[in-house]
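**Q**
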Amino acid sequence: MAASLMAEKTDDRKPEAAPAAAGNVYECDAVSLELFPHGEPRLIIDRLSLNVRAGEFLTVVGSSGTGKSTLLRLLGGLVPASSGTIRFRGSIVSGAPSDVVVVFQDYSNALLQWRSVARNVALGIEGKLDRTEIEARVRQALQMVGLEKNASDHPWQLSGGMQQRVQIARALALKPQVMLMDEPFGALDAMTKATLQDEVLKVHGQTGTSFVFITHDIEEAVYLGDRAVVLAGPPGRVYKTVEIALPRPRDQIRTRQSPEFLHYRAEIHAAVLSAGGH
Amino acid sequence: MSKGAPWIAALRVGVPPLRGLLPLFGLLALWQIINPHGSPYFPPPSAWWVGLAGLAKNGRLLTALSATLTTFILAIVFACLIGGLLGLLIGRSRAARRALGPLLEFCRGLPPPVIVPVGVLLLGYVQSLKLVIVVLVAVWPILLNTASSTAGLSDLLVEVSHTMRLGRFATLAKIVVPSAVPAFLVGVRGAIPLAIIITLLVEMLTSLPGIGSLIVISQRQFHSAEVYGLLVVVGLIGFAINGLFVAIEGVLLSRFPPRASYMQGN
Amino acid sequence: MRRESFNLPGAVTFIAAIAIWELAVRSGAVSFDYLPAPSAIALAFVGIVRSGELFTATLHTLRSILIGWVLACLIGGVLGVVFGLSGFARRWFLASLEVLRPLPAIAFLPVALLLFNFSLTTELVVMVYASIWPMFINTMGGIANVASRLHDVSLTLKLTPLQSLAKVLLPAAGPAILVGARLCLGTTLVLAIIAEMIGNPHGLGYAVVSALLAIQPEQMFAYVLFIGVLAIALNACLLLVARRLLPVYGREAMSDV
């Protein structure tokens, strides 16, 4: 099923690529997760089925308790499912799949504060590639997020938005096929958030990487996504999927004011509300 | 954020205004003026100097000083190695932590001085006794701090190591060990005064060579000026060691986020 | 607040360690001349309890600790408040204190012996000198910390300096002061033992050393282990009292230092 669609990724500036044709990178089939905090069983995810199309930007929304973060960790291979199957490019996910990277919300603790920015970005590739290749990738990744000048700074010297960009660059250095992002901008102020949203869209457009983006911000979900999945719960399951046919490239002012945008926002908002009633 | 040489910054950090030394010097000057010839109980600072010079002349001061410092330095080195390594191992293994927990708690609560007579009893009055006892005492703060930090490694960093697909060794070397360094240094910071005190205590109790036994000898002979002089020597040693440690710590921690003001312990 | 299940592996290891010790000594596998078996230590312990020696020694040490600790807390606390509030004090006096601080208190013992001979005074002087520091440093740090933060609060509420101190600063610096008091207690205990080993022939420290000199290993170990238990008990007592009197401070100040 999964193909070598996006296997070749160049860093030349491509015109905005539309989500690629046929093929799912992820297929989740009746996935459940049961945990045992304090010895009592608790169902976190309940028979959730979901596909992620190659090259698409999928946003996931839902109120707290719907298992959004857990879903991401399942996709990222950080947590094993209790039942059901998760397939990445056709193979069952067991452990962190290569070509998939998770970007966490808590950037400060997800970065290695004692390493320079450049060495943080290199974390996933050092020892796996030769010197020149590593340096090239780090440079490219930093350029993509606009932090070339900060390569020798330490994360704790940078602002929150910049630290999150370092984390994104670290993920990009791996040239992943899928980026899983767990409410990455939740801790940032509105203006930084807007800047980073556009940066992520730029990366998506230039590299054709698939994105699964968790957020509780409905507007963000509409602004970024090709498709938005609304989760209900607990326990988490898919409540509704909304195709977002807004034109790309997107713009913070024009897109957000368009009637289509408002329509999608209302639709998803209503879905989230009624999902909460179940 | 200063980008200068980290060690320069480290030296500048945390030194209160030097004019604050005036009261101390003032007190010493006053003592000297009031008491030029001195009672046997409160000899003036000038007499201290004479007493020390006497000890230095026949080489006793230097011998004692080198004996004490050698023990101290070796003990700290061993304590760092053993404490750091064991701390890492224990911190990594939840099973070890549970099983060893009560034993470690008891050893932690045991006041260090009581280990000295135990050591003397078991090992006898041999030269290596000093080193063994001081290591035994100094290792605890280092071990416990390192273990606690390693055990408390944030789940998030573990997840990062998975999503970055770092192997076990890479995770250990790149994440676990560096993140334990600040706690390790806090442990060393606590171990240093402990090591000094216990070194001196062993020397005082057993009369093995060192500054401690020198002070006791002078005290028993009622050479009070020498006693005060040696007190100053000990003070200078403590001050110098402390300063050295702060500088080293500053360099090692220059890459880490600045710590909030120290509040615990020394 | 999950109740931790009883630490079975820990208890088992603890008991196993004692059992191995007993076996090792009895079978002669471990060949220290003077290492007694746990059973012998237990017997000796019963002996010193019966004879009242343990009680006398403990009473002396506890009394010293109490007096020393209270004095050190008072002096250290007052100094800490003064230096925490007064920039003037910090500018003109702190460096002198910082030079004195690394001086190991044990080095004062011979001086104290010269001045006061083998007596309780010697013990107390050295104890108090050493224990002032943790209380002083932590109180100063705590007060300085909150003073800058809560300065505006006090102004807004139009509190007099004394009211500000009593109602705002001291309570806010409470956790830090409590940590200082706990460290102070630990230091007091350690110095009491040291002083009794060298400077004042009474109390538990002296009991250990005299058992050493009389080559009575079982007694010595009994005292040593008792001191360990005492140290843990004292700390636990302090925590208990603090929890009762100052429940608002929560886990931060009570956690293990």
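Protein chains in written order, with my numbering: chain A, 852 to 1129; chain B, 20 to 285; chain C, -7 to 249. Beta carbons: idealized from backbone N, C-alpha and C, even for Gly.
1. Starting from the C-beta of GLU1111 (chain A), find all residues in its chain whose C-beta is less than 7 angstroms away, skip the five residues before and the five after it, and write them out in chain order.
2. Determine the chain A residues that contact SER173 (chain B) at a beta-carbon separation under 8 angstroms, and present them in chain order.
3. Answer yes or no: do ALA214 (chain C) and PHE6 (chain C) have a C-beta to C-beta separation smaller than 7 angstroms?
4. When the Cα atoms are used, what is the spatial distance from ALA99 (chain C) to LEU219 (chain B)?
5. Whole angstroms is fine: what's the gap from ALA872 (chain A)'s alpha carbon to ALA905 (chain A)'s?
6. Taking LEU0 (chain C) as the reference, give the member of B:SER168, B:GLY186, B:GLY70 and B:ALA115 with the closest Cα.
7. Using the C-alpha atoms, what's the distance from SER140 (chain C) back to ILE260 (chain B)?
8. Using a Cβ-Cβ distance under 7 angstroms, would VAL179 (chain B) count as near chain A?
9. Please report whether the beta-carbon of ILE216 (chain B) lies at a distance below 7 angstroms from any beta-carbon of chain C.
10. Could you give the uninterrupted runs of the alpha helix (DSSP H) lying entirely in the stretch 101 to 181 of chain B, keeping only those of 4 residues or more?
11. Would you please verify whether the beta carbon of GLY220 (chain C) is less than 7 angstroms from any beta carbon of chain B?
12. CB-CB under 6 angstroms to ILE217 (chain B), same chain, minus the five flanking residues each way: which ones, in chain order?
13. Applying the 10 Å Cβ sphere with the 16-neighbour rule, what's the burial state of ASN164 (chain B)?
14. Which runs of the beta strand (DSSP E) at least 3 residues long sit entirely within the stretch 90 to 169 of chain C? Give them in chain order.
15. What residues in its chain sit with their C-beta under 8 angstroms from that of HIS889 (chain A), if we drop five residues either side in the sequence?
16. Using only the alpha-carbon positions, how far apart do VAL253 (chain B) and GLY978 (chain A) sit?
17. Thinking C-alpha only, which one of A:PRO931, A:PHE1036, A:GLU891 and A:ILE1095 is nearest VAL1145 (chain A)?
18. Tell me the residue span of the beta strand (DSSP E) that contains LYS1091 (chain A).
19. Does any CB atom of chain A fall closer than 7 angstroms to the CB of ARG184 (chain B)?
20. Drop a sphere of 10 angstroms on the beta-carbon of ASP174 (chain B), count the other beta-carbons inside from all chains shown, and report buried for 16 or more, exposed for fewer.
21. Under 7 angstroms, do VAL103 (chain C) and LEU63 (chain C) count as touching if we go by C-beta distance?
22. In chain order, what residues of the stretch 109 to 125 of chain B put their CB closer than 8 angstroms to some CB of chain C?
23. How would you write the range of the beta strand (DSSP E) that SER202 (chain C) sits in, first residue to last?
24. Just mark PHE1062 (chain A) as buried or exposed, buried being the case when its beta carbon has 16 or more other beta carbons within 10 Å.
25. At least one CB of chain B closer than 7 angstroms to the CB of GLN964 (chain A): is that the case?
26. For ARG274 (chain B) and chain A, any beta-carbon pair shorter than 7 angstroms?
27. Between VAL233 (chain C) and ALA1041 (chain A), what straight-line distance do the alpha-carbon atoms span, to the nearest angstrom?
28. Do GLY941 (chain A) and ALA881 (chain A) count as a contact pair if the criterion is CB distance below 7 angstroms?
29. Where does GLU1034 (chain A) fall in DSSP's three states?
30. Given VAL1073 (chain A), which residues of its chain have a CB within under 7 angstroms of its CB, disregarding the five upstream and five downstream residues?
31. Please confirm whether ALA199 (chain C) and ALA32 (chain C) have their CB atoms less than 7 angstroms apart.
32. Can you have a look at ALA987 (chain A) and say buried or exposed, based on whether 16 or more other CB atoms are within 10 angstroms of its CB?
33. Among B:SER147, B:ALA75 and B:LYS193, which residue has its Cα nearest to the Cα of GLY975 (chain A)?
34. DSSP three-state call for SER915 (chain A): helix, strand or coil?
35. Please list, in chain order, all residues of the same chain as ALA8 (chain C) whose beta carbon is under 6 angstroms from its beta carbon, the five residues on each side excluded.
36. Does the distance from the C-beta atom of ALA122 (chain C) to that of ALA97 (chain C) stay below 7 angstroms?
**A** According to the structure shown:
1. LEU1097
2. ASN960
3. no
4. 8 angstroms
5. Any answer about ALA872 (chain A) is weak, because its pLDDT of 40 lies below 50 and its placement is not dependable; what the coordinates show is given next. Each residue's alpha carbon lies about 8 angstroms from the other.
6. The closest CA to that of LEU0 (chain C), considering only B:SER168, B:GLY186, B:GLY70 and B:ALA115, is found on B:ALA115.
7. When only Cα atoms are considered, ILE260 (chain B) and SER140 (chain C) end up about 32 angstroms apart.
8. yes
9. yes
10. 113 to 128, 134 to 142 and 146 to 170
11. It does; some Cβ of chain B falls within 7 angstroms.
12. Excluding five sequence positions before and after ILE217 (chain B), the CB atoms of its chain that fall closer than 6 angstroms to its own CB belong to PRO131, VAL153 and VAL156, given in chain order.
13. buried
14. Within the stretch 90 to 169 of chain C, there are no complete beta strand (DSSP E) runs of at least 3 residues.
15. If we look at HIS889 (chain A) and ignore the five residues flanking it on each side, it has no Cβ neighbours.
16. Inter-residue distance for VAL253 (chain B) and GLY978 (chain A) is about 49 angstroms (C-alpha atoms, whole angstroms).
17. Any answer about residue 1145 (chain A) is impossible in this case: the structure gives chain A only from 852 up to 1129.
18. 1088 to 1094
19. yes
20. exposed
21. Cβ distance not < 7 angstroms, so VAL103 (chain C) and LEU63 (chain C) don't count as in contact.
22. ALA114, ARG117, ALA118, LEU119, GLY120, PRO121, LEU122, GLU124 and PHE125
23. Premise fails: SER202 (chain C) lies in the alpha helix (DSSP H), 195 to 205, not in any beta strand (DSSP E).
24. buried
25. yes
26. yes
27. Spanning the two alpha carbons is a distance of roughly 48 angstroms.
28. no
29. Annotated three-state conformation of GLU1034 (chain A) is coil, per DSSP.
30. ALA1079, ILE1095, PHE1112, TYR1115, ARG1116 and ILE1119
31. no
32. exposed
33. B:LYS193
34. If DSSP states are grouped into helix, strand and coil, SER915 (chain A) belongs with coil.
35. none
36. In terms of Cβ geometry, ALA122 (chain C) and ALA97 (chain C) form a close pair [threshold 7 angstroms].
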